[in-house]
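Asks: Going down the list, the protein sequences come from chains A and B. Numbered by my numbering, the letters in the first sequence go through residues 1 to 351 in order. Numbered by my numbering, the letters in the second sequence go through residues 352 to 702 in order. Every residue, glycine too, gets a C-beta built ideally from N, C-alpha and C.
Protein chains: 2
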Amino acid sequence: MLDLTQDVRDLTAAIVDIESESGGERALADAVERALGALPHLKVERSGETVVARTSLGRGERVLIAGHLDTVPVHGNLPSRVEGDLLYGCGTSDMKAGVAVALKLAAALPAPNRDVTYVFYDCEEVEAERNGLNRIARDHADWLTADFAVLMEPTDGVIEGGCQGTLRAEIVVRGKRAHSARSWFGVNAIHGIEPVLARLNAYQARRPVVDGLEYHEGLNAVGVRGGVAGNVIPDLCVVTVNYRFAPDLSEEQAREHVREVFDGFEVEFTDSAPAARPGLTHPVAAAFAAAVGGEPRAKLGWTDVARFSALGVPAVNYGPGDPNLAHQQGEYVALPKIVESERAMLAWLSA
Amino acid sequence: MLDLTQDVRDLTAAIVDIESESGGERALADAVERALGALPHLKVERSGETVVARTSLGRGERVLIAGHLDTVPVHGNLPSRVEGDLLYGCGTSDMKAGVAVALKLAAALPAPNRDVTYVFYDCEEVEAERNGLNRIARDHADWLTADFAVLMEPTDGVIEGGCQGTLRAEIVVRGKRAHSARSWFGVNAIHGIEPVLARLNAYQARRPVVDGLEYHEGLNAVGVRGGVAGNVIPDLCVVTVNYRFAPDLSEEQAREHVREVFDGFEVEFTDSAPAARPGLTHPVAAAFAAAVGGEPRAKLGWTDVARFSALGVPAVNYGPGDPNLAHQQGEYVALPKIVESERAMLAWLSA
Numbered sequence: 001m002l003d004l005t006q007d008v009r010d011l012t013a014a015i016v017d018i019e020s021e022s023g024g025e026r027a028l029a030d031a032v033e034r035a036l037g038a039l040p041h042l043k044v045e046r047s048g049e050t051v052v053a054r055t056s057l058g059r060g061e062r063v064l065i066a067g068h069l070d071t072v073p074v075h076g077n078l079p080s081r082v083e084g085d086l087l088y089g090c091g092t093s094d095m096k097a098g099v100a101v102a103l104k105l106a107a108a109l110p111a112p113n114r115d116v117t118y119v120f121y122d123c124e125e126v127e128a129e130r131n132g133l134n135r136i137a138r139d140h141a142d143w144l145t146a147d148f149a150v151l152m153e154p155t156d157g158v159i160e161g162g163c164q165g166t167l168r169a170e171i172v173v174r175g176k177r178a179h180s181a182r183s184w185f186g187v188n189a190i191h192g193i194e195p196v197l198a199r200l201n202a203y204q205a206r207r208p209v210v211d212g213l214e215y216h217e218g219l220n221a222v223g224v225r226g227g228v229a230g231n232v233i234p235d236l237c238v239v240t241v242n243y244r245f246a247p248d249l250s251e252e253q254a255r256e257h258v259r260e261v262f263d264g265f266e267v268e269f270t271d272s273a274p275a276a277r278p279g280l281t282h283p284v285a286a287a288f289a290a291a292v293g294g295e296p297r298a299k300l301g302w303t304d305v306a307r308f309s310a311l312g313v314p315a316v317n318y319g320p321g322d323p324n325l326a327h328q329q330g331e332y333v334a335l336p337k338i339v340e341s342e343r344a345m346l347a348w349l350s351a
Numbered sequence: 352m353l354d355l356t357q358d359v360r361d362l363t364a365a366i367v368d369i370e371s372e373s374g375g376e377r378a379l380a381d382a383v384e385r386a387l388g389a390l391p392h393l394k395v396e397r398s399g400e401t402v403v404a405r406t407s408l409g410r411g412e413r414v415l416i417a418g419h420l421d422t423v424p425v426h427g428n429l430p431s432r433v434e435g436d437l438l439y440g441c442g443t444s445d446m447k448a449g450v451a452v453a454l455k456l457a458a459a460l461p462a463p464n465r466d467v468t469y470v471f472y473d474c475e476e477v478e479a480e481r482n483g484l485n486r487i488a489r490d491h492a493d494w495l496t497a498d499f500a501v502l503m504e505p506t507d508g509v510i511e512g513g514c515q516g517t518l519r520a521e522i523v524v525r526g527k528r529a530h531s532a533r534s535w536f537g538v539n540a541i542h543g544i545e546p547v548l549a550r551l552n553a554y555q556a557r558r559p560v561v562d563g564l565e566y567h568e569g570l571n572a573v574g575v576r577g578g579v580a581g582n583v584i585p586d587l588c589v590v591t592v593n594y595r596f597a598p599d600l601s602e603e604q605a606r607e608h609v610r611e612v613f614d615g616f617e618v619e620f621t622d623s624a625p626a627a628r629p630g631l632t633h634p635v636a637a638a639f640a641a642a643v644g645g646e647p648r649a650k651l652g653w654t655d656v657a658r659f660s661a662l663g664v665p666a667v668n669y670g671p672g673d674p675n676l677a678h679q680q681g682e683y684v685a686l687p688k689i690v691e692s693e694r695a696m697l698a699w700l701s702a
């Protein structure tokens with residue numbers, strides 16, 4: 001059983017050493033459920049490999065602290081090992097250090113100044129439909145009720161507010177096949193994407209300020225395919241573009257923007273995920289920012305904060321891990337960052 | 352055994368009804384070898400499924416008449432059948448009607464006005480290295496010695512002179528990978544092909560006149576590939592181009608031209624085949640053109656005449672089939688075209 005009274009650094013190592021690749025989180029979820037179940041001030045729920053624990057003190061505000069239990073596949077980087085100030089191992093940074101901090105808070109705060117909901121969920125590192133938060137939002141939306149949420153993804157100990165949205169679209173250019181020895185009988189679809197690329201090259205990405213944070217959009221080709229055979233004028237060429245959009249746009253507004261950029265071309269949207277506003281204007285968030293310190297910045301990548309945002313819960317990313325090390329074989333976390341993160345959050349919830 | 356005394360239309364049907372998909376020409380090659388072997392004025396050679404038969408009358412000129420025995424795969428279009436003036440079936444147009452004409456000449460002309468070499472070869476419809484002419488040129492080059500060659504590919508009964516060359520090159524554009532949420536840390540290789548496409552779109556194809564025939568070149572993208580994943584700025588994009596060049600250029604000159612067009616880009620040549628001059632300036636060719644009549648035109652596609660050209664033998668395409676029907680399930684040949692072709696060539700070699 002996980003000992004929640006040990007130092008947060010040792011607790012992180014203990015959690016890292018329980019392998020929990022996406023889909024294989026049961027042992028870790030069981031350990032978390034048992035450890036939290038022993039705490040009389042928490043009500044513990046379980047759904048699949050997701051564990052939710054809540055205080056019910058009747059406080060005026062409720063905050064939610066979330067972390068995913070799963071990691072990308074282990075790649076010769078377990079068990080964990082300490083070198084100087086660094087703890088190496090799969091999941092150290094993304095995001096078992098954050099999970100350890102949350103578990104420490106759960107155990108150390110029988111009477112926090114705000115009611116707290118702790119969420120430890122599964123399958124964040126794989127396709128969205130398997131994500132444990134998706135399932136909870138559908139089956140037990142009341143478990144996620146809160147005024148503000150902190151997602152303990154690696155941010156190097158800085159608040160990263162909201163997240164940019166993302167959509168993908170295919171820009172389809174059609175032509176007419178012909179033998180390449182008599183190319184003038186055809187219409188070359190690959191040649192036809194030149195204006196698509198010209199618009200991408202001329203594109204000026206927006207950098208809007210939303211709730212005080214500056215975002216940075218991007219519209220890019222991420223794929224191109226065309227060609228039938230080495231002696232055939234191709235009749236189809238498809239450019240796949242990815243638009244990363246700031247949280248002042250809805251998914252529909254983002255689609256409309258892409259339609260405008262490629263006006264006159266056939267545009268097919270393939271997938272999208274909404275942006276999330278930073279949520280730093282709420283009083284409880286301001287208190288959190290004061291406790292954590294530092295200058296909050298915009299989150300440019302997409303994270304699960306957008307799922308909270310979609311449920312009406314403002315959310316930020318904040319965790320001790322280093323985002324640049326996520327998914328790398330040499331992943332590590334700086335031990336002092338974990339201690340600092342635990343201290344800041346204890347201060348926020350005890351003041 | 353093939354009866355070479357029957358009408359050329361019936362002989363065509365008999366040959367069509369001996370299946371001879373590339374690699375499966377043995378039955379037809381055997382039948383051809385036996386039929387020609389019975390003619391005392393011919394010396395018959397065999398290599399694999401290729402049959403070569405020659406007169407040796409000591410004439411001042413030697414002409415070569417060639418046809419391939421193989422067809423593309425049968426596709427529910429055998430046995431042959433006659434509807435009105437049309438003979439339907441796999442290989443009727445490409446090119447067993449031409450083979451039948453050549454066999455009729457071989458049998459009907461014990462003392463032609465020029466020495467004649469008849470070549471019936473295998474594996475024209477598949478990759479070049481299996482082509483029977485390739486093998487003969489390597490192992491028995493003397494069998495192919497001639498002043499002029501007629502390749503009886505389908506041309507609708509019109510002389511098509513020479514052939515254009517073809518080469519393929521990859522235009523390689525490199526960039527730098529980055530996460531598409533922070534695209535400004537990368538360099539998008541797909542965006543980088545815009546000037547490649549601009550040059551292709553601005554390209555003015557030459558239409559040079561060579562030995563009296565107008566050719567028509569073309570430089571086209573036939574493939575494009577790029578992209579790593581839906582959230583990654585791609586670091587590589589490759590445009591495959593196909594240059595069809597007139598016979599006033601060597602392969603090296605054609606490569607140099609492509610290098611110039613894409614000056615400043617990384618260009619990798621992947622394959623090429625030389626062009627062939629039309630060969631109509633030779634006296635024996637002029638006599639052939641007079642016998643056949645009509646206005647000779649340039650051959651724009653690549654054919655085996657280039658192999659003869661490489662051996663120093665001027666060659667033209669001329670045959671009764673319709674080139675537009677080649678490789679189609681509904682392939683047919685117009686019976687009067689076969690008769691006319693036989694008549695014209697008999698006149699050329701008897702006058």
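One question on the structure: do B:Ala-448 and B:Val-684 come within less than 7 Å of each other, judged by their Cβ atoms?
Replies: Taking the first residue of the second sequence as position 1, residue 448 of chain B is located at position 97. Taking the first residue of the second sequence as position 1, residue 684 of chain B is located at position 333. Yes, they are a contact pair.
Asks: When you compare each of B:Val-402, B:Ala-497, B:Ala-386 and B:Asn-428 to B:Val-664 by their alpha carbons, which one comes out closest?
Replies: Here residue 664 of chain B refers to the residue found at position 313 of the second sequence. Closest by alpha carbon: B:Ala-497.
Asks: Return the CA-CA distance between A:Pro-208 and A:Glu-217, expressed in angstroms with no decimal places.
Replies: By 1-based counting over the first sequence, the position of residue 208 of chain A is 208. By 1-based counting over the first sequence, the position of residue 217 of chain A is 217. Distance between the alpha carbons of A:Pro-208 and A:Glu-217 is about 8 Å.
Asks: Quick one: list the residues of chain B neighbouring A:Leu-11, beta-carbon separation under 8 Å, in chain order.
Replies: If you number the first sequence from 1, residue 11 of chain A lands on position 11. Result: empty, since nearest Cβ-Cβ is about 31 Å, beyond 8 Å.
Asks: Of the choices B:Gly-563, B:Gly-681 and B:Val-524, whose alpha-carbon is the least far from that of B:Val-589?
Replies: Within the second sequence, the letter at position 238 stands for residue 589 of chain B. Among B:Gly-563, B:Gly-681 and B:Val-524, the Cα nearest to that of B:Val-589 belongs to B:Val-524.
Asks: Just tell me which of A:Ile-65, A:Leu-11 and A:Leu-87 has its CA closest to the CA of A:Gln-329.
Replies: In the first sequence, the residue the question calls residue 329 of chain A occupies position 329. The candidate whose alpha carbon is nearest that of A:Gln-329 is A:Leu-87.
Asks: Relative to the C-alpha of B:Leu-408, which residue among B:His-426, B:Cys-474, B:Arg-397 and B:Pro-391 is closest?
Replies: Working through the second sequence from its first residue, we reach residue 408 of chain B at position 57. Minimum Cα distance to B:Leu-408 is reached at B:Pro-391.
Asks: Answer with yes or no whether the minimum CB distance from B:Ala-520 to chain A is below 7 Å.
Replies: One-based indexing of the second sequence puts residue 520 of chain B at position 169. So no, B:Ala-520 is outside the interface.
Asks: Looking at chain B, is there any beta carbon in it that lies within less than 7 Å of the beta carbon of A:Ser-180?
Replies: If you number the first sequence from 1, residue 180 of chain A lands on position 180. Yes, because at least one Cβ of chain B sits closer than 7 Å to the Cβ of A:Ser-180.
Asks: Does the beta carbon of A:Arg-199 come closer than 7 Å to any beta carbon on chain B?
Replies: Counting from one through the first sequence, the residue named residue 199 of chain A turns up at place 199. No - not a single Cβ of chain B is within 7 Å of the one on A:Arg-199.
Asks: Hey, A:Gly-301 and A:Cys-163 are a contact pair by Cβ (cut 8 Å); roughly how many whole angstroms apart?
Replies: Counting from one through the first sequence, the residue named residue 301 of chain A turns up at place 301. Counting from one through the first sequence, the residue named residue 163 of chain A turns up at place 163. Yes, A:Gly-301 and A:Cys-163 are in contact; Cβ-Cβ is about 7 Å, under 8 Å.
Asks: Classify B:His-678 as buried or exposed, calling it buried when 16 or more other Cβ atoms lie within 10 Å of its own Cβ.
Replies: Walking along the second sequence from the start, residue 678 of chain B turns up at place 327. Under this definition B:His-678 is an exposed residue.
Asks: B:Trp-699 to B:Pro-505, Cα distance in whole Å?
Replies: Along the second sequence, one-based indexing puts residue 699 of chain B at 348. Along the second sequence, one-based indexing puts residue 505 of chain B at 154. Distance between the alpha carbons of B:Trp-699 and B:Pro-505: 19 Å.
Asks: Who are the Cβ neighbours of B:Lys-527 in its own chain at under 7 Å, not counting the five residues just before and after it?
Replies: Locating residue 527 of chain B in the second sequence gives position 176, where the first residue counts as 1. Here the set comprises Gly-537, Val-538 and Asp-586.
Asks: Can you tell which of B:Ser-701, B:Ala-638, B:Leu-570 and B:Asp-381 has its C-alpha closest to the C-alpha of B:Ala-556?
Replies: Here the question's residue 556 of chain B lines up with position 205 in the second sequence. The candidate whose alpha carbon is nearest that of B:Ala-556 is B:Leu-570.
Asks: Would you decide whether B:His-542 is buried or exposed? Buried here means 16 or more other CB atoms lie within 10 Å of its CB.
Replies: One-based indexing of the second sequence puts residue 542 of chain B at position 191. Around the Cβ of B:His-542, a 10 Å sphere holds 16 or more other Cβ atoms; the residue is buried.
Asks: Name the residue from B:Thr-443, B:Asn-485, B:Asp-493 and B:Gly-577 whose alpha carbon lies nearest to the alpha carbon of B:Ala-307.
Replies: Residue 307 of chain B falls outside the range modelled here, since chain B spans only 352 to 702, and no answer is possible.
Asks: I want to see whether chain B comes within less than 7 Å of A:Leu-325, judged by CB atoms only; does it?
Replies: As a first step, residue 325 of chain A must be located in the first sequence, where it is residue number 325. Chain B, which has no Cβ nearer than 7 Å to the Cβ of A:Leu-325, makes this no.
Asks: Measure from the C-beta of A:Val-305 to each C-beta in chain B and report whether the shortest distance is under 7 Å.
Replies: As a first step, residue 305 of chain A must be located in the first sequence, where it is residue number 305. No, A:Val-305 does not count as interfacial toward chain B.
Asks: Looking at the strands, I want to know which residues DSSP matches up with A:Ala-66.
Replies: For the purposes of this step, residue 66 of chain A is identified with residue 66 of the first sequence, where counting begins at 1. Beta-bridge pairing links A:Ala-66 to A:Val-119 and A:Leu-151.
Asks: Classify A:His-393 as helix, strand or coil using the three-state DSSP reduction.
Replies: The structure shown does not extend to residue 393 of chain A, since chain A spans only 1 to 351, so no value can be given for it.
Asks: Kindly indicate the opening and closing residues of the beta strand (DSSP E) around A:Gln-72.
Replies: By 1-based counting over the first sequence, the position of residue 72 of chain A is 72. First, the residue type needs correcting, since residue 72 of chain A is Val and not Gln in the sequence shown. Here A:Val-72 belongs to no beta strand (DSSP E), and DSSP marks it neither H nor E.
Asks: Between A:Leu-249 and chain B, is the shortest Cβ-Cβ distance under 7 Å, so that the two count as touching?
Replies: Counting from one through the first sequence, the residue named residue 249 of chain A turns up at place 249. Chain B contact via Cβ: absent.
Asks: Using a Cβ-Cβ cut-off of less than 8 Å, give me the residues of the segment 559-585 of chain B that come near chain A, in sequence order.
Replies: His-567, Gly-569, Asn-571, Ala-572, Val-573, Gly-574, Val-575, Arg-576, Gly-577, Gly-578, Val-579, Ala-580, Gly-581, Asn-582, Val-583, Ile-584 and Pro-585
Asks: CB-CB under 7 Å to B:Met-446, same chain, minus the five flanking residues each way: which ones, in chain order?
Replies: Stepping through the second sequence from its first residue, residue 446 of chain B is reached at position 95. These residues qualify, in order along the chain: Gly-418, His-419, Met-503, Glu-504, Pro-505, Gly-670 and Gly-672.
Asks: Just to make sure I have the definition right: I need the residues of chain B whose C-beta is within less than 7 Å of the C-beta of A:Glu-194. Which are they?
Replies: Translated into positions along the first sequence, residue 194 of chain A becomes position 194. Near A:Glu-194 (Cβ distances below 7 Å), the residues of chain B are Glu-545, Leu-548, Ala-549 and Asn-552.
Asks: Using C-beta distances below 7 Å, list every residue in its chain close to A:Val-101, excluding the 5 sequence neighbours before and after it, in chain order.
Replies: The residue labelled residue 101 of chain A in the question sits at position 101 within the first sequence. Val-8, Met-152, Pro-320, Ile-338, Ser-341, Glu-342 and Met-345, listed in sequence order.
Asks: Examine chain B for any beta-carbon lying closer than 7 Å to the beta-carbon of A:Ile-190, and answer yes or no.
Replies: Start at 1 with the first residue of the first sequence, and residue 190 of chain A comes out as number 190. Residue-level contact check: A:Ile-190 touches chain B, since one or more beta carbons of chain B fall below 7 Å from its beta carbon.
Asks: Within its chain, find whatever has a CB closer than 6 Å to the CB of A:Arg-130; leave out the 5 residues flanking it on each side and keep chain order.
Replies: Residue mapping note: residue 130 of chain A aligns to position 130 of the first sequence, counting from 1. Cys-123, listed in sequence order.
Asks: Please compile the residues from chain A whose C-beta is within a distance smaller than 8 Å of the C-beta of B:Thr-591.
Replies: Residue numbering aside, residue 591 of chain B sits at position 240 when the second sequence is read from its first letter. By Cβ distance, chain A contributes Gly-227 and Gly-230.
Asks: With a threshold of 7 Å on Cβ separation, who are the neighbours of B:Glu-602 within its own chain once the five nearest residues in sequence on each side are excluded?
Replies: Here the question's residue 602 of chain B lines up with position 251 in the second sequence. Cβ within range, chain order: Gly-516, Leu-518, Ser-623 and Pro-625.
Asks: With distances taken from CA atoms, which of B:Ser-534, B:Glu-478 and B:Asp-354 is nearest B:Ser-373?
Replies: Stepping through the second sequence from its first residue, residue 373 of chain B is reached at position 22. With distances taken between Cα atoms, B:Ser-373 lies closest to B:Glu-478.
Asks: Closer than 8 Å is the cut-off here; do at least three beta carbon pairs connect the segment 253-269 of chain A with the segment 597-617 of chain B?
Replies: Because the criterion of three Cβ pairs below 8 Å is not met, the segment 253-269 of chain A and the segment 597-617 of chain B do not touch.
Asks: Would B:Asp-421 be called buried (16 or more neighbouring beta carbons within 10 Å of its own) or exposed?
Replies: Position 70 of the second sequence, counting from 1, holds the residue named residue 421 of chain B. Burial call: buried.
Asks: With DSSP run on the structure shown, which of helix, strand or coil describes A:Asp-94?
Replies: Taking the first sequence and counting its residues from 1, one reaches residue 94 of chain A at position 94. In this structure, A:Asp-94 counts as helix in the three-state DSSP scheme.
Asks: For chain A, check one thing: does any of its Cβ atoms lie closer than 7 Å to the Cβ of B:Ser-534?
Replies: Walking along the second sequence from the start, residue 534 of chain B turns up at place 183. Interface residue, yes.
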